[in-house]
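These notes are about the structure you will find just below.
Residue numbers (the numbering used here): 1007 to 1723.
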């Protein structure tokens, strides 16, 4: 059964899943059914009294509660009903849609019609995100305000409103084989009425199709009384209180929690370009720490930094078939320079293999030109239509991409694993995020590569995430771009190539791994501010306390430190602000501390307090920062270990899936078997084949054939 997450209250959802639809001849036509249903509708309802109907009223009230005007965003069932009562014919789309539209109008319940092959993961009924894109039938894009109700899967909005319109990405066509019907209800719609609409839908479709009924279920959200809105005082002080603190809970409403964390901590902000965020200084400083760490590693190894153009001619992008096939749907194109149409389209860099290898083919002539090892720090654009999540998934993101060329395969392979190890150290030593290194399966590897290696981790919300990748490209690109060299014997050879990349996705992983209901929890090694001093000021002792607070700041000058000496905020208000921003250590210093020649150190990760003598403060701060870094890693490691479930058969696999575990299981290595697992579990897929493999292999968890290796499985970002 499909999992449904209710992030809103006072709604119900009927689900009908039909599999293997096969068209058949019917004794009655759509027009015959239409005639009977239209007659029934016109005998029951009139345009003048529609607003008095209890079901229609309940949907209108629901829309108003989400700041949606139901006279401008018509509930789909009401829109159909009005069309019929005005004497207009129904739209002709296909037998599935036409049949169900009649049932929707008859029952007054809006419906969503989803081609099941487009559905990913779980259903979530939630509010939209600001500037989130909804793609209407026909391809027109609507930018959401961030207040509307919607129905989504793990990647996209499937229905805008509840429901006003379906998505072009999930639309039903004549080719649809598996159908998911979503029937929407409010708290005021009885289960019996929902069931009747579900059975009517199945009955009418059975006249035109044979199918297997896989699921009929009703799910309900929590019913709460909507309290009247309180009057908000329009003062600056009140405004600060309302907007600064966290109001969402991580475990209760993750999406809202994450949005609040990144915005209120000033890590990022939304921009006027959908899917593209503003990296504010507080996040960019973390990225600079990562850059500094990684640059030292790769430069010591012999890699040099460079920069290549952001625009790539279409002819270059098309040179490697598997590569372009993997990226083509996400490429953003420049077609004009000013008002002049370009002779050739230019791709906005989705990745740089093609533009860099065009230069490599000119630079490499001899074995003396090898190895060539270049890295660049840049941004890339991938114009995807999946649900954007700042840092984790977006149309533009920052990353580094290394592209290297070697004389031999052994040299190239050594580097693939060397770089993966560096990436692992960034996660574990800097970000305090445990990762598992492994190879990707054939179906999950980078387009055009011989194989891909990745660092994977598991987030508290029950999903895995790929942290970075390192690819052995082999000789495919060398042949496509005519990159060749003369060996020591004067014979022409094709070199071996790698590419590897690490992105700002890691910032999102860090935020989710460590963050709590108070906000960010920053690992000390990347925290833009490691220590904040909050002096507790009273008129009589203000000067003395501030003077000593400044002395403490000087003592701790080797750390990234801030003295918060603002006088228009209370100490308590400051505590909340710095907790929200995740500063590892807060030093509280007031008149009593001055008298006792001490300061109070407060840990962000545990909340523990420790009074330390001022003479020992430098030593104690260093010790505490080390403990925080270690504790964050160990806490995350323990959580991940508890999330990993080793299973031996398919029943255990399905149970672990429902419990949102990170599943370890034997697999035969067959791509078709891998796809079956994904299809039958609503999106659980292979993450990687861990380097650490058991000595004894068992049977494949799905098909029962001999296992080739043990794999990690989970739903993923």
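All C-beta atoms, glycine included, are put in the ideal place defined by N, C-alpha and C.
query: Can you have a look at residue 1219 and say buried or exposed, based on whether 16 or more other CB atoms are within 10 angstroms of its CB?; result: exposed
query: Express the C-alpha separation of residue 1212 and residue 1033 in angstroms, rounding to a whole number.; result: 11 Å
query: For my contact list, residue 1205 and residue 1082 are in at a C-beta cut-off of 8 Å; report their separation, rounded to the angstrom.; result: About 20 Å separates the two Cβ atoms, so there is no contact after all.
query: Per the contact definition of three or more C-beta pairs closer than 8 Å, is the region 1312-1331 in contact with the region 1415-1423?; result: no
query: Which same chain residues, not among the five before or five after residue 1480, have their C-beta less than 6 Å away from its C-beta?; result: 1456
query: Can you grab the Cα-Cα spacing for the pair residue 1239 / residue 1008, in whole Å?; result: Low local confidence applies: a pLDDT of 40 at residue 1239 is under 50, so the model's placement there is unreliable, with the coordinate-based value given in what follows. Each residue's alpha carbon lies about 44 Å from the other.
query: State the DSSP-derived secondary structure class of residue 1650, mapped to helix, strand or coil.; result: strand
query: Go ahead and label residue 1342 buried or exposed: buried means 16 or more other beta carbons lie within 10 angstroms of its beta carbon, across all protein chains shown.; result: exposed
query: Mind checking if residue 1373 is an interface residue toward chain D, Cβ cutoff 8 Å exclusive?; result: Considering every chain present, this structure includes no chain D. It has just one protein chain.
query: Are residue 1207 and residue 1187 closer than 8 Å when you measure CB to CB?; result: yes
query: If you draw a straight line from the C-alpha of residue 1067 to the C-alpha of residue 1301, how long is it?; result: 56 Å
query: Quick one: what's got a C-beta closer than 7 Å to residue 1633's C-beta in the same chain, skipping five residues either side?; result: none
query: Can you check whether the CB of residue 1319 is closer than 8 Å to the CB of residue 1350?; result: yes
query: Considering only residues of the same chain and omitting the five flanking positions on each side of residue 1091, which have a CB-CB separation below 6 Å?; result: 1053
query: Any contact of the region 1273-1290 with the region 1596-1604, i.e. 3+ C-beta pairs under 8 Å?; result: no
query: Given residue 1029, which residues of its chain have a CB within under 7 Å of its CB, disregarding the five upstream and five downstream residues?; result: 1214, 1215
query: For residue 1491, which residues of its own chain have a beta-carbon under 7 Å away from its beta-carbon, when the five flanking residues on both sides are left out?; result: 1370, 1371, 1372, 1373, 1375, 1376, 1499, 1501
query: Here's the rule I'm using: 16 or more other beta-carbon atoms within 10 Å means buried, otherwise exposed. How should residue 1394 be labelled?; result: buried
query: Whole-angstrom Cβ separation of residue 1777 and residue 1389, contact assumed at under 8 Å?; result: For the chain, the structure presents residues 1007 to 1723; residue 1777 sits outside this window and is missing.
query: Buried or exposed: residue 1070, going by 16 or more other Cβ atoms within 10 Å of its Cβ?; result: exposed
query: Applying the criterion that 16 or more other CB atoms from any shown protein chain within 10 Å of the CB defines a buried residue, is residue 1683 buried or exposed?; result: buried
query: For residue 1569, which residues does DSSP report across the bridge?; result: 1539
query: Measuring only the C-alpha atoms, how far is residue 1161 from residue 1431?; result: 30 Å
query: Between the beta-carbon of residue 1292 and the beta-carbon of residue 1532, is there less than 8 Å?; result: yes
query: Hey, how far is the Cα of residue 1426 from the Cα of residue 1600?; result: 50 Å
query: For the candidate residues 1722, 1163, 1125, 1145, whose alpha-carbon lies nearest to that of residue 1467?; result: 1722
query: Considering only the beta carbon of each residue, do residue 1719 and residue 1650 sit closer than 8 Å?; result: no
query: In the DSSP assignment, find the unbroken beta strand (DSSP E) run with residue 1273 in it and report its ends.; result: Premise fails: residue 1273 is in no beta strand (DSSP E) and is neither H nor E.
query: Considering Cα atoms alone, identify which of 1143, 1199, 1544, 1619 is closest to residue 1176.; result: 1143
query: DSSP state of residue 1586, grouped into three classes?; result: helix
query: Across the region 1564-1571 and the region 1509-1520, are there enough close Cβ pairs to call them in contact, namely three or more that are closer than 8 Å?; result: no
query: Thinking just about the alpha-carbon of each residue, which of 1356, 1269, 1260, 1380 is nearest to the one in residue 1308?; result: 1380
query: Can you tell me whether residue 1516 is helix, strand or coil according to DSSP?; result: helix
query: Quick check: what's the CA-CA separation for residue 1248 versus residue 1094?; result: Reliability of the predicted coordinates at residue 1248 is poor, the pLDDT of 40 falling under 50, and the value obtained from them is presented with this limitation in mind. Cα-Cα distance, rounded: 49 Å.
query: Mark residue 1545 as exposed unless 16 or more other C-beta atoms lie within 10 angstroms of its C-beta, in which case mark it buried.; result: exposed
query: List in chain order: all unbroken beta strand (DSSP E) runs of 3+ residues lying wholly within the region 1100-1185.; result: 1117-1121, 1129-1133, 1139-1141, 1147-1149, 1155-1158, 1163-1166
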